[in-house]
Structures are given as structure tokens and as C-alpha cells.
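Okay, structure first, notes after.
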Amino acid sequence: MERQFSFRLNGRAVSVSVPPAYTLLEVLREELDVTGPKEDCGKGECGACTVLMNGRPVLSCLVLISQAEGAEIVTSEGFMKEESPSDVQKAFIENGAVQCGHCIPGFIVSAEALLSRNSKPSVTEIKSALAGNLCRCTGYTSIVRAVQETAQKRQEGRS
Amino acid sequence: MRLADIDVVSPTSLNEALTVLHERSDRIRPIAGSTDTIIQLKDGLLQTKELLDISKLGELRYILREGSRIRVGALCTYSEIIESSVLASSCWMFLNACRTIGTPQIQSRATIGGNLANASPAGDSIPPLYVLDAMIKVQNSERARHIPIEKFFLGYRKVDLRPDELITEISFEAVQSPCDATFLKLGLREAHFISLVNMAIRIRWAEDGASFSDLRIAMGAVAPVVIRARKCEEFLQNQALGEDVVWQASRIASDEASPITDVRASAEYRRAMIPSLLYKAVHTLIDQRKAWEKR
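If you read the protein sequences in the order shown, they are chains A and B. Per the working numbering, residue 5 is the first one in the first sequence, and the count goes up by one each step. Per the working numbering, residue 14 is the first one in the second sequence, and the count goes up by one each step.
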């Protein structure tokens, strides 16, 4: 029972032929080889599969591919400049916010979703924007600091 | 059943959705944001060979004010509700309750109609809608029904929704002043938690600010469905709000609940937390009024 689905992924048009109840996460990882989003819990608890769908952060393990038809999807890869890391990714590295790295693509997407709506987030706002992403290695202080630092640098870059 | 074996029908209009539902109501299961249903499917708690995906029906995505009436399309997501300027000015308590639901990722997808259909006794949008005397509009391919929210919930995870019907709208009266209502919830951490107890309260202030009339108190996660604390409402009606009175009212509310023990909390703990929540709710209303008068 395969069907054709088309959507935009990281700025380019893609088309896949898969069963209609495949999850968006399965399609990204298995069909399109986009492996930034990870499957950890598969139940909407951990946030490792977070992607942007039409500008909002969603859990790709809880979106069916038929629901993503025609949507604009952005994964952590989509924020990179060619092959080099984005400013958020650099800030994570510089702040030691990454240990095993498994949860980080989800954090990157949640951070970008926040910064696209709020260029000067408070620590509380950062924490609540990242509340749907779990990290089991680093603790969250360095992650919050990395997002804060990115926001500051983007502000300075603009002024 | 593997997800890959399930067929998905994606109608592009409400009419089309209702027609499909009419023809296949014995075997097709509607999904909207699907933040609960996909988990239920993965866990085998829900079995179906066909899903009716209504998540893209734009005609059920609106938040309108018509006079004093607020109309919310059933497919509004929590993100849309939280960002709604109509709700911010007409029912801050409901918006605030929705803000506490799930995580940003869940809020992007989960819908108000889905939360009602899912009928969790701990659903955080439900107590606010109880105290707002909300009406639920459901439709099949032939007619619409308007059901008062308290009649919509029939029992534990049971709602008055027939297999060929969809929830299409939730409506209620705007709250006059932001100091007339509040919502509180208690959980085990600050974000992404399921309520152990939640409570919504709506009142009318006496002129002198010393008592309430026209009270509505709804409590969630303390009975198979959300309940109104009617004895407590009656007791507090026009009573001067002294400490003794508030504590006495809190104990009455606690006696009206029938909580159970589950993975999140014991029945005893839930019952013990009701007085604290009601006490806090009354004082939140008092503080909100003070802040409102000073503005």
C-alpha cells in the first residue's frame, strides 16, 4: 500500500513513495537518509525527533507522512550553511553543551524555533521552549547558555 | 498492527470528511493532531485499519468573537490558542490552562477538539471549559448537535460522540474581567506533566470585593470525569472570604471528589491536595483583583 507524497525538506522539493501511515521520522531517516532527527522513545516524550513543520516545532515520530503532504519541513541539517555548522551548533560546541550528541539535533531545532519568534528570550523562556527535549548527559545549564549566547550574538550582528 | 499496514484517508473539506465517516463509521478512526492516537496505535491500545486524517481542514481552524460569544474551531492547535489575541482579551484563564499542556512540540499539533475526544480525566483544557459552561458542537453528514460540556462527558474516557460524528466547534461566553477566573494544576515537575489534580474556578465578585457569587468550580483528575464542586460552590456563595471559611470550603470540595490511585499519585494524596489547590485558587483570585484595581 504505497502512495506518493511530496513536501519541501530543508528548502528543496522531495517526493517519496511509502505507505500513508509511515511516520515522518521513518521517511526522513529510512527513505531520505536525513539522520539528524533520532528515534528514542517514539512516544512524544523525548524530543529527539523534533523538526520544524510549517515553522513550528513538531515531533516527527507523531506525524504521519500523509499529514506532512505539502508541508515545509526543516531538520537540524537545514540550518547549516553548506557543510559548516550553524551559529546555534557552534554555540553548543563552544559551551560544552554536547556529550553523546544524540539529543542535540532536536535541541537545535527547538532553539531555532524559539529564536525565530523571540530574538531576546529570557532564561525562563529558553527553558520553557526546550522543555520538550530531554538530555541524559550534560544537564541543561550549558545548553541554555548556548542558546542565550546565540541570541546575544545575533543581536550584536544585527545592530 | 504495524502503522505501515494502516490506510489514511485525507479529506480536503468538512463535508467530504463527514461523508467518508458516514460511509465507513464502523471501521474508520478520525485523527487530528494525532499526538495521542499515534502512541495508542503504536502501543496496540487502538486497533484500526483506516484513519481519517482531518488535521488539514482549515475551515475548523478559527477563533472568533461574536458579541460576548467566543467560538473556537475544533482543529485549533494549542499554539494557535495560546497566541490568540481574541482569547487573551476574552478568556485569559482558558488560554493560560492551554499554555500548561504538553510541550511546544505537542502544542504545535495537538488540537482542542482532540483533547475533548480523547477524554482524559486529567485533560487540562476541560475544567476551564466546565466553568465557562462551554457548548460542544458535533456534526455528522446530516445534522449538528449542540451539547453542554458537562453532558458531553459520559464516563471514564466516554463521550457523547457517535461513530459518524466529528467535534467541530467549542463555544462559550467571554469572561468579563481577568480577575473573575483562574486555573491551577499540580504535577510532579514544571513542564510536560500530566496533572495529578487540576482546578478551574470562575466567580462574580461582590461590589465590596469581600465575597463571591455565581461560583463555578471544576476539578480534574479526581474522578472518572471532570466534576463540578457544587456543594463547595454553594457554601462559598456570598460568604465573607475569611481564612476559616476558605479552609472549610476547601474541605467540602475535597469530600466531593472520588480520586483513584494510579502511577502518578495515590488517591489519598490527590484528595489531600484538593484543599491546597482551592485555597490557592481563592487567593489567586483575590491577588488578581488587587492587581487589577491598582493598574
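Where is the CB? At the ideal position from N, CA and C, for every residue including glycine. Quick caveat: nothing in here was measured; it's all calculated off a predicted structure.
- B:ILE214 counts as buried, since no fewer than 16 other beta carbons sit within 10 angstroms of its beta carbon.
- Neighbours of A:GLY105 in chain B, taken as residues at a C-beta separation under 7 Å, are lacking, since the least C-beta distance is about 20 Å.
- Each residue's CA atom was taken as its position, placing B:ILE125 and B:GLU93 some 10 Å apart.
- In the three-state scheme derived from DSSP, where H, G and I count as helix and E and B as strand, B:LEU174 is classed as coil.
- With a cutoff of 8 Å on beta-carbon distance, B:ILE139 and B:MET148 are scored as not near each other.
- For B:ARG122, the nearest beta carbon of chain A is closer than 8 Å to its own beta carbon.
- For A:HIS106, no beta strand (DSSP E) run applies, since DSSP gives it neither H nor E.
- In this structure A:ILE97 is exposed. Its beta-carbon is surrounded by fewer than 16 other beta-carbon atoms within 10 angstroms.
- At a cut-off of 8 Å between beta-carbon atoms, B:GLN60 makes no contact with chain A.
- Using a 10 angstroms sphere on the CB of A:GLU116, the tally of other CB atoms reaches 16 or more, which defines it as buried.
- When C-beta distances to chain A are compared with 7 Å, the residues of the region 101-116 of chain B below that value are THR116, in chain order.
- Listed in chain order, the non-local C-beta contacts of B:TRP305 below 7 Å within the same chain comprise SER190, PRO191 and CYS192, local neighbours out to five positions each way being set aside.
- Contact between B:LEU254 and B:SER224 holds, with the beta-carbon distance rounding to 6 Å and staying under 8 Å.
- B:ASP18 places its beta carbon 8 Å or farther from that of B:ILE44.
- Short of 6 Å from the beta carbon of A:ASN99, and not among the five residues preceding or following it, lie these beta carbons of its own chain, in chain order: SER146, ARG149 and ALA150.
- Between the alpha carbons of A:SER19 and A:VAL38 lies a gap of roughly 14 Å.
- Going by C-alpha positions, A:THR128 is about 30 Å away from B:LEU129.
- Going by C-alpha positions, A:LEU119 is about 18 Å away from A:LEU63.
- Any Cβ of chain A closer than 8 Å to the Cβ of B:ASP275 would place that residue at the interface, and such an atom is absent.
- If you draw a straight line from the Cα of A:GLY59 to the Cα of B:ARG284, it is about 42 Å long.
- Here B:ILE162 is near B:LEU142, since their CB atoms are less than 8 Å apart.
- One thing to note: B:ARG78 has its Cβ no nearer than 8 Å to the Cβ of B:ALA236.
- Not flagged as an interface residue toward chain A: B:THR25, since no C-beta distance is shorter than 8 Å.
- Per DSSP, A:GLY82 is not a residue of any alpha helix (DSSP H), being assigned neither H nor E.
- In the three-state DSSP reduction, B:ASN128 falls in the helix class (H, G or I).
- DSSP, reduced to helix, strand and coil, places B:MET148 within a strand of the structure shown.
- The continuous stretches of alpha helix (DSSP H) do not include A:LEU68, and DSSP gives it neither H nor E.
- Relative to A:SER90, the option among A:VAL102, A:GLU6, A:HIS106 and A:ILE112 whose CA is nearest is A:ILE112.
- Rounded to whole angstroms, B:THR48 and B:THR116 show a C-alpha spacing of 11 Å.
- Assignment of B:ASP18 by DSSP, reduced to helix, strand and coil, places it in the helix class.
- Here the region 130-139 of chain A does not lie against the region 20-40 of chain A, with fewer than 3 beta-carbon pairs under 8 Å apart.
- Among the residues of the region 61-93 of chain A, those with a Cβ less than 8 Å away from any Cβ of chain B are PRO61, VAL62, LEU63, CYS65, LEU66, VAL67, LEU68, SER70, GLN71 and GLU73, in the order of the chain.
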